[in-house]
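According to full-length UniProt numbering, the stretch in the sequence shown is residues 1 to 346, in order.
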Amino acid sequence: MGKKGDLSNFERGMVVGARRAGLSISQSAQLLGFSRTTISRVYREWCAKGKTSSMRQSCGRKCLVDARGQRRMGRLIQADRRATLTEITTRYNQGMQQSIGEATTRTTLRRMGYNSRRPHRVPLISTTNRKKRLQFARAHQNWTVEDWKNVAWSDESRFLLRHSNGRVRIWRKQNEKMDPSCLVTTVQAGGGGIMVWGMFSWHTLGPLVPIGHRLNATAYLSIVSDHVHPFMTTMYPSSDGYFQQDNAPCHKARIISNWFLEHDNEFTVLQWPPQSPDLNPIEHLWDVVERELRALDVHPTNLHQMQDAILSIWANISKECFQHLVESMPRRIKAVLKAKGGQTPY
Numbered sequence: 001m002g003k004k005g006d007l008s009n010f011e012r013g014m015v016v017g018a019r020r021a022g023l024s025i026s027q028s029a030q031l032l033g034f035s036r037t038t039i040s041r042v043y044r045e046w047c048a049k050g051k052t053s054s055m056r057q058s059c060g061r062k063c064l065v066d067a068r069g070q071r072r073m074g075r076l077i078q079a080d081r082r083a084t085l086t087e088i089t090t091r092y093n094q095g096m097q098q099s100i101g102e103a104t105t106r107t108t109l110r111r112m113g114y115n116s117r118r119p120h121r122v123p124l125i126s127t128t129n130r131k132k133r134l135q136f137a138r139a140h141q142n143w144t145v146e147d148w149k150n151v152a153w154s155d156e157s158r159f160l161l162r163h164s165n166g167r168v169r170i171w172r173k174q175n176e177k178m179d180p181s182c183l184v185t186t187v188q189a190g191g192g193g194i195m196v197w198g199m200f201s202w203h204t205l206g207p208l209v210p211i212g213h214r215l216n217a218t219a220y221l222s223i224v225s226d227h228v229h230p231f232m233t234t235m236y237p238s239s240d241g242y243f244q245q246d247n248a249p250c251h252k253a254r255i256i257s258n259w260f261l262e263h264d265n266e267f268t269v270l271q272w273p274p275q276s277p278d279l280n281p282i283e284h285l286w287d288v289v290e291r292e293l294r295a296l297d298v299h300p301t302n303l304h305q306m307q308d309a310i311l312s313i314w315a316n317i318s319k320e321c322f323q324h325l326v327e328s329m330p331r332r333i334k335a336v337l338k339a340k341g342g343q344t345p346y
């Protein structure tokens, strides 16, 4: 039985060589193991056209969207990243002599490298805060991982008993993740569920404190005195530790500032730039807790069960996990410098 499929250039040369050596079609087929039809076709093509390549002319229906059409479709994507497949097809067909369907649009977009993806969510950063973020990054661009090991990170987070999975989708290429037109800005907002405050450093996880009411300056002062102070003095007995907190109003209250001034000989409060959750590695620990919470076989049905689950998940976060986050700080600083204070992928 003859071989199936097209021949390589070497195999075609063998066929031509056998025929030119005087072998018949049957003798060549028996010697090389190809069918008589293949031997005849290859030698005929060589005699008529001098063809020695196995490349065949492309077959099938001609592409409805040529290079010019692809450029047109690319402009439509750039103008509206959130357009649906139907909207893109409708806009493309306007003014065109030959219209296309949604299937052709989908195929063309994939050929161009576009896929429908969820936009990367980033905070909305003002011009003033971009400058402050850039100043912070420049001031700490020479910090090594050893320097960042002296920082204790803190933050509050809210976990909802019931959450929405609604997400918008956009069209973008793989390397356009941080393109401004591909981002969805977010702002801090309220919600239901359990609020907790936590802290950690490269050395160990710190306490996780449930907050049963709105966090004001008085409640935060209790957290600072009862949890931050013993953590910092224990982890950094040489007074070389830095405590990180964001710029929430309760963090900047006068009673809080005065308390830190009274203890400035024990540790230093890191001057933190506003709107910078991407620089705070504890944000990724909140993501870990959220994912583990959703992955539970038995989901909490009330706030008490949810609080117990959150505390258990936090206590079981691996050391490798939070140490890896601290070790990412030099890369985060470089990302802010590269973005000139703007949004980063973190």
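Glycine included, C-beta positions come from ideal geometry on N, C-alpha and C.
Specify, as a first and last residue, the run of the alpha helix (DSSP H) that residue i falls within.
| i | result |
| --- | --- |
| residue 330 | 329-338 |
| residue 177 | Element bounds for residue 177: n/a, residue is neither H nor E. |
| residue 31 | 25-32 |
| residue 351 | The structure shown does not extend to residue 351, since the chain spans only 1 to 346, so no value can be given for it. |
| residue 255 | 254-262 |
| residue 222 | 217-223 |
On the three-state DSSP scale, how would you describe residue i?
| i | result |
| --- | --- |
| residue 158 | strand |
| residue 164 | Bear in mind that a pLDDT of 49 at residue 164, under 50, signals an unreliable position, so the model cannot answer this. |
| residue 2 | Bear in mind that a pLDDT of 45 at residue 2, under 50, signals an unreliable position, so the number given afterwards is only what the model happens to contain. Note: residue 2 maps to coil in three-state DSSP. |
| residue 200 | strand |
| residue 17 | helix |
| residue 95 | coil |
| residue 249 | helix |
| residue 230 | helix |
| residue 343 | coil |
| residue 289 | helix |
| residue 144 | coil |
| residue 306 | helix |
| residue 237 | coil |
| residue 277 | helix |
| residue 129 | helix |
| residue 301 | coil |
| residue 9 | helix |
| residue 106 | helix |
| residue 89 | helix |
| residue 347 | This structure leaves residue 347 out entirely; the chain is present only between 1 and 346. |
| residue 321 | helix |
| residue 81 | coil |
| residue 296 | coil |
| residue 101 | coil |
| residue 190 | A caution first: residue 190 carries a pLDDT of 38, below 50, which makes its placement in the model too unreliable to give a value. |
Name, in chain order, the residues that DSSP records as bridge partners for residue i.
| i | result |
| --- | --- |
| residue 152 | 243 |
| residue 211 | 195 |
| residue 268 | 242 |
| residue 68 | The partner list for residue 68 (beta bridge, DSSP) is empty, contrary to what the question assumes. |
| residue 171 | 116 |
| residue 183 | 120 |
| residue 205 | 200 |
Using alpha carbons as the reference points, say which of the options lies closest to residue i.
| i | options | result |
| --- | --- | --- |
| residue 208 | 198, 323, 49 and 160 | 198 |
| residue 118 | 173, 90, 267 and 108 | 173 |
| residue 247 | 280, 41, 70 and 183 | 280 |
| residue 229 | 200, 100 and 211 | 200 |
| residue 282 | 81, 196 and 83 | 196 |
| residue 255 | 274, 328 and 221 | 221 |
| residue 33 | 44, 15 and 43 | 15 |
| residue 352 | 64, 108, 76 and 83 | The structure shown does not extend to residue 352, since the chain is modelled only from 1 to 346, so the question has no answer here. |
| residue 258 | 238, 224, 275 and 244 | 224 |
Does residue i pass the burial test, meaning 16 or more other C-beta atoms within 10 Å, or should it be called exposed?
| i | result |
| --- | --- |
| residue 241 | buried |
| residue 141 | exposed |
| residue 320 | exposed |
| residue 206 | buried |
| residue 180 | exposed |
| residue 341 | buried |
| residue 344 | buried |
| residue 347 | Residue coverage of the chain in this structure runs from 1 to 346, which leaves residue 347 outside it and unanswerable. |
| residue 264 | exposed |
| residue 10 | exposed |
| residue 145 | exposed |
| residue 96 | exposed |
| residue 226 | exposed |
| residue 325 | buried |
| residue 210 | exposed |
| residue 150 | buried |
| residue 332 | buried |
| residue 262 | exposed |
| residue 155 | buried |
| residue 273 | buried |
Can residue i be considered in contact with the ligand GDP, in the sense that its beta carbon sits closer than 7 Å to one or more heavy atoms?
| i | result |
| --- | --- |
| residue 266 | Because no ligand of any kind appears in the structure shown, any question about the ligand GDP cannot be addressed here. |
State the start and end residues of the unbroken beta strand (DSSP E) segment that holds residue i.
| i | result |
| --- | --- |
| residue 123 | 120-123 |
Within 8 Å (strictly less), CB to CB, does residue i reach chain D?
| i | result |
| --- | --- |
| residue 35 | Checking the listed chains, one finds no chain D in this structure; it contains a single protein chain. |
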